[in-house]
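To start, the structure itself, in structure tokens.
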Amino acid sequence: MALPDRIDPRPPRRIYRWDLDKTYLQTEFDTFRQLVRTALQKATEKQAVPGAAALIRELRAQGDSQLCIISGSPTQMRTVLEAKLKLDGVEWDELVLKDNVRNLLRGRFRALRGQVGYKLPVLLESRIHAPVEAEEVLFGDDAEADAFIYSLYADLIAGRVDEAVLGQVLEAAQVYPDDRARIVTAWRAVPRADPVRRIFIHLDRLTPPAYFARYGPRVVPIFNYFQAALVLLADGELTAAQVARVAVEMVQTAGHNLLTLSNSFQDLLRRGLPVQAVAAPLLQALEGALQGPDAVLQAFRPLPDIVKAFTRRVAALGAPPQPPEPRPIDYLSVLDDARPRTHPARKRP
Amino acid sequence: MRPRATTIAFDVMGSDHGPAEVVRGAAALSLEAPHIHALLVGDAQQIDAILAETRHSGERISVHHAPEFVGMHEKPSEALGRTHNASVLVAARLVAEGEADAMVSAGNTGAGVLACARTFKLIPGVRRAALASVFPTRTWHGSKQDPFSLILDVGATVDATAEDLVVFAVMGSAYARIISKNPNPSVALLSNGTEATKGPPRVVEAHAKLVQHPGIRFVGNVEGVDIPKGTADVICCDGFVGNVCLKMLEGVAETVVELANYAYQSALRWKVGLAMLSNGLKQLKDVTDWQQYGGAPVLGFDRLFIKAHGRSKARAIANAGKVAAKAVTSDLAHAIREGLQPGS
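Which chain is which? The protein sequence lines are A and B, in order.
If you number the first sequence the way our numbering does, the last residue is 1272 and the count never jumps.
If you number the second sequence the way our numbering does, the last residue is 407 and the count never jumps.
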């Protein structure tokens, strides 16, 4: 009997959804000149946010996972973006880009900058085919509406948002009727589950972290990907050694040092994130790595310095604050966040 | 070349505006100067509440919990005797232990100086520390063209000896060289006449010593009237005289503003005249704005303490942090040490 030429992989246990610009890539397109420069950049000229590639590689190394990238970049950039991801050693399962030429030809000018009408249907349609038990971790940034869209997506598939509220959100976000229909259809088709564990928001614009308190503790604003790795270590998604490797990439490629890393660690503690317990295993992993053949970890300072920096940051706080209590998100009160960044009615800190 | 990473400890508590302006100043600093890390010492809960609402870089800020503080009107020795965990003392201790490189405080000046005296070491050759202050002048100083001259001591050492005044001259000269980028600053003694024999015995003796000091461009004595003229880049006196001078000069400036307000309200002609001058007055205010200079350094210790004005807003605090970092990276303490041992 002939064997099939391809054995299907096991269904994913974890799905990681990433935005690209300002989340994975350091992109500037606030002015027309920046937009043109970004569009003309070669793959080798594009810079990933420090630690992002290492974090993705470590998450993928856990196995049984899927990486879905949804970007607002135009479809014409697919070749260069794929080349960049390959250069960084990132393997993806889905890479969805925005068909802005089609939007232009159809006169859908709101859709050029709109985020809700583009990302929400893509997220929901992707979820339809995912195993019900597959959990998700989402990565976005503070430049557009990622915290809003990801939270709404999570609460829609968990059944915490009803159709009336969804309708008002889509109205406020000025989503075109056909996209609204797509969203509602996909939402009805998605099996009800509560799979979204974390939503990381990379603070590219350094929005004050308290701004995101409205989305509850599931949304974690991060200054860098070492912070995301620490939270994922606390959540059991990564091992301490993997977190150390993310830190090393940041030290080697972006000038991070013991101060920035230990400060980042303390910043999470002060915001009530449960990372105090991960300090010991992380330091143990570093100790093991420094004694072992993994020369890359020698990029760090001597172990006693590292231990001192991290333990001092913990001790300096006295009793860290309690984690904030989860509470339902009132989407109608944060509708402003659903609007495009350039919308005149949108107020941002 | 990337500047050396520097950590500045900020005593967050005890300023006239409470913790908010100090935290916002440090937050601004974390965005403007990537090589400067801020260690905020004070009530962690209050600091975090302000920080969470303020744009900042979490990578460049850490917090050390110290909820107690010395009030503006408390007697420093009594207040620091009451608690060993006052924020200014904890901040000084963290600097002494090497957790930070310098300290900035907008709180009680006496408590700040006393905290330094208890935790830092005096540089060999320095008997008493000096609080230095900048004062706007009509001439420009150094390659940065600072419209300020430096006066020291303005309150740390009430009764300075001739040797102390010489040390103040060395320290002020080193500070002007490094911070104002003035390679050869002129140094003068404050007295009641320009002649070498004028003044109390300690000033006369200091004059004689400074004339022969090889590392200092000593220009002799100056009188009070020379301070706002900017006759010298650095003016030395004891803490009692310096403090009286500084307060008087501040009082004169405030009185001038009050008189201008009076004139503004008195007659339409004056009102129009002042309105026509408003742009020029604003430029003058910007040029002489003390907030851009940050604060007054306490010189003489192996570690630096910048005393920011009690009324400092965020911009002044951020600038105080920058001045402190600059003094650290330029190794001000080493420059003072060298100045005190010119032959070595």
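Backbone N, C-alpha and C fix where the C-beta goes; we use that ideal spot for every residue, glycine too.
Quick caveat: nothing in here was measured; it's all calculated off a predicted structure.
Exercise for review: Give every residue of the same chain whose Cβ lies closer than 7 Å to the Cβ of D1069(A), excluding the five residues on either side of it in the sequence, and list them in chain order.
Suggested key: Only residues of its own chain outside the window of five on either side were considered, and among them D942, G1063 and I1124 have a CB closer than 7 Å to the CB of D1069(A), listed in chain order.
Review point. So what does DSSP say about F231(B), is it helix, strand or coil?
Key: F231(B): helix per DSSP, three-state reduction.
Point to revise | Buried or exposed by the 16-neighbour rule on C-beta atoms within 10 Å, applied to S988(A) | key: Buried, since its Cβ has 16 or more Cβ neighbours within 10 Å.
Practice item. Could you name the residues of chain A that S341(B) contacts, counting a contact when the two beta carbons are closer than 8 Å? Key: Those within 8 Å of S341(B) in chain A number zero; the least Cβ separation is about 33 Å.
Practice item. Please classify Q275(B): is it buried, with 16 or more other beta-carbons within 10 angstroms of its beta-carbon, or exposed? Key: Q275(B) should be labelled exposed.
Exercise for review: Evaluate the contact criterion for the stretch 1030 to 1040 of chain A versus the stretch 1108 to 1122 of chain A: three or more CB pairs, one atom per stretch, below 8 Å.
Suggested key: Between the stretch 1030 to 1040 of chain A and the stretch 1108 to 1122 of chain A, the count of Cβ pairs shorter than 8 Å is below three; the stretches do not touch.
Review point. Going by alpha carbons, who is nearest to G172(B) out of P277(B), V158(B), L185(B) and V151(B)?
Key: Checking the sequence shown, residue 172(B) turns out to be Thr, not Gly. Relative to T172(B), the option among P277(B), V158(B), L185(B) and V151(B) whose CA is nearest is V151(B).
Practice item. Would you please verify whether the beta carbon of L114(B) is less than 9 Å from any beta carbon of chain A? Key: Closer than 9 Å to some Cβ of chain A, the Cβ of L114(B) qualifies, so yes.
Check your understanding: Would the stretch 963 to 970 of chain A and the stretch 1007 to 1014 of chain A be scored as touching if the rule is three or more Cβ pairs under 8 Å?
Key -> Yes, since at least three Cβ pairs between the stretch 963 to 970 of chain A and the stretch 1007 to 1014 of chain A fall closer than 8 Å, the two stretches touch.
Check your understanding: So what does DSSP say about K261(B), is it helix, strand or coil?
Key -> Reduced to three states, the DSSP call for K261(B) is coil.
Point to revise | Completely contained alpha helix (DSSP H) runs for the stretch 963 to 1016 of chain A, where each covers 4 or more residues | key: Those alpha helix (DSSP H) runs which fall completely within the stretch 963 to 1016 of chain A and span 4+ residues are 975 to 984 and 1001 to 1010.
Review point. With burial defined as no fewer than 16 other Cβ atoms inside 10 Å of the residue's Cβ, what is the status of N1026(A): buried or exposed?
Key: Burial is judged here by how many other beta carbons sit within 10 angstroms of a residue's own beta carbon; N1026(A) has at least 16 and is buried.
Review point. Using a C-beta to C-beta distance shorter than 7 Å, which residues of chain A count as neighbours of I124(B)?
Key: Simply N1186.
Review point. Is there a Cβ from chain A that is less than 9 Å from the Cβ of G336(B)?
Key: Output row for G336(B): interface = no.
Exercise for review: Identify every residue that forms a DSSP beta bridge with F281(B).
Suggested key: F281(B) is bridged to V250(B).
Check your understanding: Nearest chain B C-beta to T1130(A) closer than 9 Å, yes or no?
Key -> Taking Cβ atoms only, chain B reaches closer than 9 Å to T1130(A), which makes this a yes.
Exercise for review: Note down, in chain order, every chain B residue with its Cβ under 8 Å from the Cβ of G1063(A).
Suggested key: Listed along the chain, the chain B residues whose CB falls inside 8 Å of the CB of G1063(A) amount to none; the nearest CB is some 18 Å away.
Review point. Can you tell which of V75(B), E95(B) and Q109(B) has its C-alpha closest to the C-alpha of L102(B)?
Key: Closest by alpha carbon: V75(B).
**Study point:** Sufficient close CB pairs (3 or more, under 8 Å) joining the stretch 1192 to 1199 of chain A to the stretch 136 to 152 of chain B
**Key:** Remark: fewer than three beta-carbon pairs, one from each stretch, lie closer than 8 Å, so the stretch 1192 to 1199 of chain A and the stretch 136 to 152 of chain B are not flagged as touching.
Review point. Leaving out five residues before and five after V153(B) in sequence, what residues of the same chain have Cβ atoms less than 7 Å from its Cβ?
Key: Within the same chain, V153(B) has close Cβ partners V104, H127 and A129.
**Study point:** Test: E1248(A) CB closer than 9 Å to a CB of chain B
**Key:** False, the Cβ-Cβ gap to chain B never drops below 9 Å.
Exercise for review: Since I believe V176(B) is in contact with V361(B) (beta carbons under 8 Å), could you give me their beta-carbon distance rounded to a whole number of angstroms?
Suggested key: Indeed, because the Cβ distance is near 6 Å, the residues count as touching under 8 Å.
Point to revise | Contact set between S120(B) and chain A, taken where Cβ atoms lie within less than 7 Å | key: Residues of chain A with a Cβ closer than 7 Å to the Cβ of S120(B) are, in chain order, L1129 and F1146.
Practice item. Within 10 angstroms of the Cβ of N57(B), are there 16 or more other Cβ atoms? Answer buried if so, exposed if not. Key: Residue 57(B) falls outside the range modelled here, since chain B spans only 64 to 407, and no answer is possible.
Practice item. Check whether the stretch 945 to 963 of chain A touches the stretch 971 to 989 of chain A, taking contact to mean three or more Cβ pairs, one atom from each stretch, closer than 8 Å. Key: Two segments are said to touch when three or more pairs of C-beta atoms, one from each, lie closer than 8 Å; by this definition the stretch 945 to 963 of chain A touches the stretch 971 to 989 of chain A.
Exercise for review: Ignoring anything shorter than 3 residues or poking outside the stretch 136 to 171 of chain B, list the beta strand (DSSP E) runs there in chain order.
Suggested key: Counting whole runs of 3 or more residues, the stretch 136 to 171 of chain B contains the beta strand (DSSP E) stretches 165 to 168.
Review point. Using a Cβ cut-off of 7 Å, which residues of the stretch 1048 to 1080 of chain A contact any Cβ in chain B, in chain order?
Key: Flagged: no residues at all.
Practice item. Please list the residues of the stretch 284 to 296 of chain B that have a C-beta atom closer than 8 Å to any C-beta atom in chain A, keeping them in chain order. Key: Against chain A - using a Cβ distance shorter than 8 Å - the stretch 284 to 296 of chain B contributes no residues.
Check your understanding: Can you find at least 3 beta carbon pairs, one from the stretch 181 to 192 of chain B and one from the stretch 391 to 400 of chain B, that sit closer than 8 Å?
Key -> A contact exists between the stretch 181 to 192 of chain B and the stretch 391 to 400 of chain B.
Exercise for review: Going by DSSP, name the residue or residues bridged to H127(B).
Suggested key: When beta bridges are read from the DSSP output, H127(B) appears opposite V104(B).
Practice item. Express the C-alpha separation of S212(B) and V250(B) in angstroms, rounding to a whole number. Key: Separation of V250(B) and S212(B) (C-alpha to C-alpha, rounded to the nearest whole angstrom) is 10 Å.
Practice item. For my contact list, V1098(A) and G1040(A) are in at a C-beta cut-off of 8 Å; report their separation, rounded to the angstrom. Key: Yes, they are in contact, since the Cβ atoms of V1098(A) and G1040(A) sit about 4 Å apart, within 8 Å.
Practice item. Could you name the residues of the same chain whose beta carbon sits closer than 6 Å to that of E1059(A), not counting the 5 residues immediately before and after it, in chain order? Key: Excluding sequence neighbours, E1059(A) sits near I938, P1118 and V1119.
Practice item. Have a look at A1081(A), A1034(A) and E1048(A) and flag the residue whose alpha-carbon is nearest the alpha-carbon of E1056(A). Key: Nearest of A1081(A), A1034(A) and E1048(A) to E1056(A), Cα basis: A1081(A).
Review point. What's the gap between the Cα of G77(B) and the Cα of E131(B)?
Key: If you draw a straight line from the Cα of G77(B) to the Cα of E131(B), it is about 9 Å long.
Check your understanding: Ordered along the chain, which non-local residues of its own chain (more than five positions away) have a Cβ less than 6 Å from that of D79(B)?
Key -> Within the same chain, D79(B) has close Cβ partners G373 and R374.
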